[in-house]
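In the working numbering, the protein residues as written are 6 to 423.
For reference, the structure is listed below as structure tokens.
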């Protein structure tokens with residue numbers, strides 16, 4: 006990369022970008038300078054080369070600690086994409102079949118009328134398990150001594166609809182079920198340790214699922230929207246745009262026993278404090294829906310083989326035929342029962358509408374609450390990593406969407422006509 010960026014804005018942007026990507030750097034710098042970001046990083050690889058590597062702002066406001074290239078933060082549902090990677094590696098090795106019944110690997114899963122549910126149905130958020138009847142705490146999910154309580158809740162749960170007939174985002178339960186399925190199919194391996202050994206370390210990625218204490222110094226402070234401001238924004242949006250996804254989310258959170266509340270609020274966090282996910286007890290745990298940490302650069306590197314038919318830098322991580330189903334929509338709903346927006350999944354990877362993150366329907370990955378993103382575009386052989394500590398209140402952060410638009414509108418991807 007040739008061009009460097011280091012301005013004198015209140016929250017200066019730093020980094021490098023290749024020829025043709027200046028417009029991306031401009032958007033990133035403006036978001037920092039305007040105060041939309043506290044601290045953030047945005048990285049893009051194309052055809053195996055790092056073409057955009059930007060960072061800036063503050064990792065912690067109180068201490069004025071700078072956000073650096075290797076600053077990390079909890080990535081929330083970007084974690085689900087990493088869980089999907091682990092399951093794809095098992096499938097590639099013949100240890101997991103998408104069309105097999107989950108109960109073939111995990112007999113207790115068959116309770117509650119789930120005997121015939123397939124792996125693909127579960128990972129596609131079509132199993133009717135978006136919420137659990139048993140009330141859980143975060144400790145139930147992080148404390149090994151509570152493992153029996155969690156396992157009973159997962160196994161006893163009956164589907165809310167006929168599996169495969171409808172789709173509803175399994176915001177938390179996806180990770181709970183995916184982790185247990187992985188452990189059963191792999192013979193008891195730890196998902197986080199497996200990903201480090203088989204994917205993240207060989208790729209030079211700083212992502213961890215189950216973050217050790219040695220990494221604590223790299224973790225930024227998380228800044229969720231203040232409750233009054235969040236409520237005001239959601240109320241205003243519900244009035245101005247009553248048909249928007251955000252308006253639907255707001256109304257559903259106010260509706261007792263709604264699908265939205267069930268999917269997002271069990272386990273219930275004390276004071277609904279999402280920063281608990283960025284604190285040590287949660288970070289240490291393999292919460293396969295939320296607890297992965299990493300930098301933008303690390304996230305982009307983690308996706309490198311997934312954007313290039315399973316291989317990177319002369320090393321094959323999985324066969325092209327194992328990965329190819331992710332290019333298509335294995336499941337899709339124009340009105341997801343939980344999020345009420347068009348989206349789908351392919352064996353655990355999120356499939357978004359065109360032009361949300363990419364114009365190419367073959368692209369996939371996962372976004373996270375607040376705005377973080379890990380994404381692969383096999384058409385352009387391109388990966389995207391975005392991490393930040395100021396969380397957005399919307400379902401899809403306008404900041405990362407603006408960066409993705411600038412990327413696909415850049416001179417590098419849209420050459421000027423002669």
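Backbone N, C-alpha and C fix where the C-beta goes; we use that ideal spot for every residue, glycine too.
Name the DSSP beta bridge partners of residue 55, please?
Counting from one through the chain shown, the residue named residue 55 turns up at place 50. Its beta-bridge partners are 50.
Below 8 Å CB to CB, which residues in the same chain sit around residue 397 once its five sequence neighbours on both sides are set aside?
In the chain shown, residue 397 corresponds to position 392, counting from 1. So the list reads 230, 375, 376, 403, 404, once near-sequence residues are dropped.
Using the rule of at least 16 other Cβ atoms within 10 Å of the residue's Cβ for burial, across every protein chain shown, is residue 318 buried or exposed?
Locating residue 318 in the chain shown gives position 313, counting from the first residue. Counting Cβ neighbours within 10 Å, residue 318 comes out exposed, since fewer than 16 surround it.
C-alpha distance - residue 324 paired with residue 276, whole-angstrom precision:
Start at 1 with the first residue of the chain shown, and residue 324 comes out as number 319. Start at 1 with the first residue of the chain shown, and residue 276 comes out as number 271. Going from the Cα of residue 324 to the Cα of residue 276 covers about 45 Å.
Residues in the same chain with beta-carbon distance under 7 Å from residue 114, minus the five sequence neighbours each way, listed in chain order, please.
Locating residue 114 in the chain shown gives position 109, where the first residue counts as 1. Cβ within range, chain order: 107, 108, 160.
Under 8 Å: do the segment 119-135 and the segment 159-176 share three or more Cβ pairs, one atom per stretch?
yes
Assigned secondary structure, residue 81 (DSSP; H/G/I helix, E/B strand, else coil)
Within the chain shown, numbered from 1, the residue matching residue 81 stands at position 76. Coil, per DSSP.
With distance defined between alpha-carbon atoms, name the residue in 163, 372, 322 nearest to residue 79.
By 1-based counting over the chain shown, the position of residue 79 is 74. Among 163, 372, 322, the Cα nearest to that of residue 79 is on 372.
Buried or exposed: residue 306, going by 16 or more other Cβ atoms within 10 Å of its Cβ?
In the chain shown, counting from the first residue as 1, residue 306 sits at position 301. That one is buried.
Where residue 391 falls: helix, strand or coil (DSSP):
Taking the chain shown and counting its residues from 1, one reaches residue 391 at position 386. DSSP places residue 391 in strand when its eight states are reduced to three.
Using only the alpha-carbon positions, how far apart do residue 102 and residue 68 sit?
For this step, residue 102 is matched to residue 97 along the chain shown. For this step, residue 68 is matched to residue 63 along the chain shown. Roughly 49 Å between the two C-alpha positions.
For the segment 345-353 against the segment 377-389, do three or more pairs of beta-carbon atoms, one drawn from each stretch, fall closer than 8 Å, so that the two count as touching?
no
Can you check which of these residues, 61, 361, 358, is closest to residue 37 by C-alpha distance?
The residue you call residue 37 lines up with position 32 of the chain shown. Minimum Cα distance to residue 37 is reached at 61.
Sort 59, 361, 74, 149 by Cα distance to residue 223 and report the nearest one.
By 1-based counting over the chain shown, the position of residue 223 is 218. Here the closest residue by C-alpha is 74.
Tell me, please, whether the segment 187-197 touches the segment 35-55 by the rule of three or more beta-carbon pairs shorter than 8 Å.
no
Spatial neighbours of residue 417 in its chain, beta-carbon cut-off 8 Å, leaving aside the 5 residues before and after:
Numbered from 1 along the chain shown, position 412 holds the residue referred to as residue 417. Within the same chain, residue 417 has close Cβ partners 23, 24, 25, 26, 51, 56.
Given a threshold of 16 other Cβ atoms within 10 Å of its Cβ, counted over all protein chains shown, does residue 178 qualify as buried or as exposed?
Along the chain shown, one-based indexing puts residue 178 at 173. Buried.
Measure the C-alpha to C-alpha separation of residue 239 and residue 400 and round it to an integer number of angstroms.
Residue 239 sits at position 234 when you count from the first residue of the chain shown. Residue 400 sits at position 395 when you count from the first residue of the chain shown. Residue placement at residue 239 cannot be trusted, given a pLDDT of 48 that sits under 50; what the coordinates show is reported in the next sentence. Their Cα atoms are separated by approximately 11 Å.
Who are residue 162's beta bridge partners in DSSP?
In the chain shown, counting from the first residue as 1, residue 162 sits at position 157. According to DSSP, which records beta bridges pairwise, residue 162 is partnered with nothing at all.
Can you tell me whether residue 41 is helix, strand or coil according to DSSP?
Against the chain shown, residue 41 aligns to sequence position 36. Coil, per DSSP.
I need the DSSP call for residue 263, collapsed to helix, strand or coil.
Counting from one through the chain shown, the residue named residue 263 turns up at place 258. Correct three-state label for residue 263: coil.
Just to confirm, is the Cβ distance from residue 123 to residue 214 under 8 Å?
Position 118 of the chain shown, counted from the first residue, corresponds to residue 123. Position 209 of the chain shown, counted from the first residue, corresponds to residue 214. No, Cβ-Cβ distance for residue 123 and residue 214 is not below 8 Å.
By DSSP, does residue 346 sit in helix, in strand, or in coil?
Along the chain shown, read from residue 1 onward, the residue named residue 346 stands at position 341. Of the three classes helix, strand and coil, the one that applies to residue 346 here is coil, per DSSP.
Per DSSP, what kind of secondary structure is residue 36 in: helix, strand or coil?
On the chain shown, position 31 is the one that residue 36 refers to. Three-state DSSP puts residue 36 in a helix.
Might you give, ordered along the chain, the residues of its own chain that have their beta carbon closer than 7 Å to the beta carbon of residue 41, omitting 5 neighbours on each side?
As a position in the chain shown, residue 41 is number 36, starting the count at 1. If we look at residue 41 and ignore the five residues flanking it on each side, its Cβ neighbours are 404.
Does the distance from the CB of residue 379 to the CB of residue 279 come in under 8 Å?
The count along the chain shown starts at 1 and reaches residue 379 at position 374. The count along the chain shown starts at 1 and reaches residue 279 at position 274. In this structure, residue 279 does not lie closer than 8 Å to residue 379 by Cβ.
Thinking residue 140 and residue 283 are a contact (beta carbons under 8 Å), I'd like their distance in whole angstroms, please.
Here the question's residue 140 lines up with position 135 in the chain shown. Here the question's residue 283 lines up with position 278 in the chain shown. Contact flag wrong, Cβ pair sits at about 23 Å.
Short of 7 Å in beta carbon distance, which residues of its chain neighbour residue 111, apart from the five on each side in sequence? Order them along the chain.
Working through the chain shown from its first residue, we reach residue 111 at position 106. Correct list, in chain order: 185, 186, 189.
Taking the DSSP output, what are the residues bridged to residue 417?
Taking the chain shown and counting its residues from 1, the one referred to as residue 417 is at position 412. Per DSSP, none; premise fails for residue 417.
Which stretch, first to last residue, makes up the alpha helix (DSSP H) that contains residue 205?
The count along the chain shown starts at 1 and reaches residue 205 at position 200. Element bounds for residue 205: n/a, residue is neither H nor E.
8 Å Cβ cutoff met for residue 81 and residue 295:
Counting from 1 along the chain shown, the entry for residue 81 is found at position 76. Counting from 1 along the chain shown, the entry for residue 295 is found at position 290. Cβ atoms of residue 81 and residue 295: closer than 8 Å.
For residue 207, the nearest candidate out of 66, 321, 21 (CA to CA)
Here residue 207 refers to the residue found at position 202 when the chain shown is read from its first residue. Nearest C-alpha to residue 207: 321.
Suppose contacts are defined by Cβ-Cβ distances below 8 Å. Is residue 211 in contact with residue 300 by that definition?
For the purposes of this step, residue 211 is taken as residue 206 along the chain shown, with counting starting at 1. For the purposes of this step, residue 300 is taken as residue 295 along the chain shown, with counting starting at 1. Closer than 8 Å, so yes.
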